[in-house]
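The opening position of the sequence shown corresponds to residue 119 in the numbering used here, with each subsequent residue numbered one higher.
Encoded as structure tokens, the structure appears first; notes follow it.
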Amino acid sequence: MRWITLDDFIDVYSKVVQRGTHFLFSKFTINSRSRTKSAFDNTFSQSSNWWIIPQVRERWNLLITGKAHVNYKQHLAETYFKERKEVRVLSLGSGTCTHELELANFSSFGEIVCVDIAENRLQQAEKVAQEQGLNNIHFICSDLNAYEFPPNYFDMVLFNASLHHFEHVEQLLSTQVKSTLKEEGMVVINEYVGPNRLQYPKEQIKAVNKALKLIPPPYRKRFKTNLSKNRYYGSGVWRMIIADPSECIDSQAILPAIHSHFTTVEEKPYGGNILMSTLKDIAHHFVNPNPEQEKILESLFTFEDTYLLHHESDFVFGVYSKNN
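Given below as structure tokens:
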């Protein structure tokens with residue numbers, strides 16, 4: 119376990135440059151819930167993470183659905199709900215509800231309930247829903263302890279990059295989630311399922327540093343700074359707890375808990391072990407790639423594919439049935 123690393127100091131500096139000093143000051147509170155909210159309560163924040171790269175998202179699609187231009191929401195609607203109406207969905211930790219808004223456009227979904235603690239993100243999503251004329255999606259600002267799970271009500275419970283923020287994952291899945299699902303209901307995850315607090319093994323950190331060397335220096339300049347990303351040290355536990363106490367708090371328990379309490383319908387690993395850490399803070403160089411940058415991305419994809427031949431994926435899309 120790494121308590122503090124050089125990357126912690128670099129990350130603090132980068133966050134101040136990218137998001138302002140008010141973001142840093144928001145961490146100076148003993149209230150852990152407030153620190154968690156501050157991590158997500160900045161609607162207009164900018165970042166440079168792997169998910170902003172179109173080719174990365176196409177890679178996810180290919181690994182999950184088999185088609186580069188078909189995402190998992192389209193896959194869900196077509197594969198599981200095409201012939202159904204009035205499907206009820208609960209999304210826990212929905213954030214800006216981008217994925218839920220997309221689902222709401224499919225006629226199969228009669229009610230989508232989004233629950234999150236970041237009020238202004240929900241307000242932003244509600245505005246989008248109104249602009250699009252969507253009346254089948256609803257927004258609740260609440261944490262899980264206050265939310266009342268209606269029994270035997272939902273057809274699907276969705277966790278999109280949110281389950282790894284919840285403590286006591288097994289208890290959540292085996293009690294509240296299981297009880298709120300109908301008998302034929304499903305749990306759907308699109309999640310980080312790797313080590314708690316991003317405490318990667320040394321072998322993985324070494325692999326990320328090898329991947330960094332595949333990127334020429336001009337494309338290693340960190341977003342909105344003059345710093346170059348020449349080495350990756352990993353995240354320290356102290357900084358992660360200070361920045362967001364919920365981050366990857368029980369992530370490595372996700373798959374064991376799901377496999378224990380639900381039946382796997384489909385499960386698609388899509389990596390992230392190398393790409394997420396390698397591209398953090400430098401992903402903006404590859405949003406509109408030229409031919410050289412496209413080749414770099416392909417080399418990174420190949421590098422991660424090779425790594426995944428002998429290592430479990432840090433990210434997984436999965437569909438699981440309540441009915442055993």
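Glycine included, every Cβ here is placed at the ideal spot set by N, Cα and C.
Could you pull the DSSP bridge partners for residue i from this structure?
| i | result |
| --- | --- |
| serine 439 | Met304 and Thr381 |
| glutamate 309 | Val434 |
| serine 346 | Lys339 |
| glycine 452 | Residue 452 falls outside the range modelled here, since the chain spans only 119 to 442, and no answer is possible. |
| cysteine 259 | Asp234 |
| phenylalanine 272 | Leu299 |
| asparagine 278 | Asn308 |
| leucine 240 | In the DSSP output, where bridge partners are listed per residue, leucine 240 has none listed. |
| serine 132 | For serine 132, which the question treats as bridged, DSSP gives no partner whatsoever. |
| leucine 210 | Val233 |
| phenylalanine 227 | Val205 |
Could you tell me the distance, in whole angstroms, from the CA atom of residue i to the CA atom of residue j?
| i | j | result |
| --- | --- | --- |
| isoleucine 136 | serine 353 | Sequence inspection shows glutamine at residue 136; the isoleucine mentioned does not correspond to that position. Their Cα atoms are separated by approximately 19 Å. |
| threonine 161 | asparagine 391 | Reliability fails at threonine 161, whose pLDDT of 41 lies under 50, so the model's placement of it is uncertain and the value that follows must be treated cautiously. Going from the Cα of threonine 161 to the Cα of asparagine 391 covers about 27 Å. |
| lysine 145 | valine 134 | At lysine 145 the pLDDT is 48, less than 50, meaning the model places this residue with poor confidence; the figure from the coordinates comes in the next sentence. Taking the straight line from one Cα to the other gives about 12 Å. |
| alanine 401 | asparagine 167 | 5 Å |
| valine 295 | phenylalanine 421 | 37 Å |
| glutamate 218 | valine 246 | 11 Å |
| histidine 428 | valine 306 | 26 Å |
| aspartate 129 | tyrosine 425 | 26 Å |
| glutamine 370 | glutamate 430 | 11 Å |
| glycine 303 | isoleucine 258 | 21 Å |
| histidine 187 | arginine 177 | 9 Å |
| arginine 120 | serine 132 | 20 Å |
| serine 226 | proline 268 | 21 Å |
| serine 297 | asparagine 270 | 6 Å |
| isoleucine 468 | histidine 282 | Missing from the structure shown is residue 468; the chain here goes from 119 to 442 and no further. |
| asparagine 348 | tryptophan 169 | 21 Å |
| glutamine 192 | tyrosine 198 | 10 Å |
| glycine 213 | valine 233 | 8 Å |
| proline 313 | aspartate 399 | 21 Å |
| valine 311 | tyrosine 388 | 11 Å |
| proline 336 | serine 280 | 34 Å |
| glutamate 321 | tyrosine 351 | 12 Å |
| alanine 222 | serine 364 | 28 Å |
| arginine 340 | serine 346 | 6 Å |
| glutamine 289 | asparagine 263 | 12 Å |
| leucine 240 | histidine 256 | 9 Å |
Please check the pair residue i and residue j, which I expect to be a contact at CB under 8 Å, by giving their CB distance rounded to whole angstroms.
| i | j | result |
| --- | --- | --- |
| glutamate 309 | valine 434 | 6 Å |
| arginine 338 | leucine 330 | 7 Å |
| isoleucine 171 | leucine 397 | 7 Å |
| isoleucine 367 | leucine 291 | 15 Å between Cβ atoms; not a contact. |
| alanine 243 | phenylalanine 224 | The Cβ separation is near 17 Å, so there is no contact. |
Any beta carbon from chain B within less than 9 Å of residue i's own beta carbon?
| i | result |
| --- | --- |
| valine 275 | Given the protein chain composition of this structure (a single chain), no chain B is represented. |
So does the stretch 197-210 actually touch the stretch 274-294, counting three or more Cβ pairs closer than 8 Å?
-> yes
Taking 8 Å as the threshold, find out whether the stretch 395-413 comes into contact with the stretch 356-366 through three or more Cβ pairs.
-> no
Flag this pair as touching only if the stretch 285-295 and the stretch 374-384 have three or more C-beta atom pairs under 8 Å; answer yes or no.
-> yes
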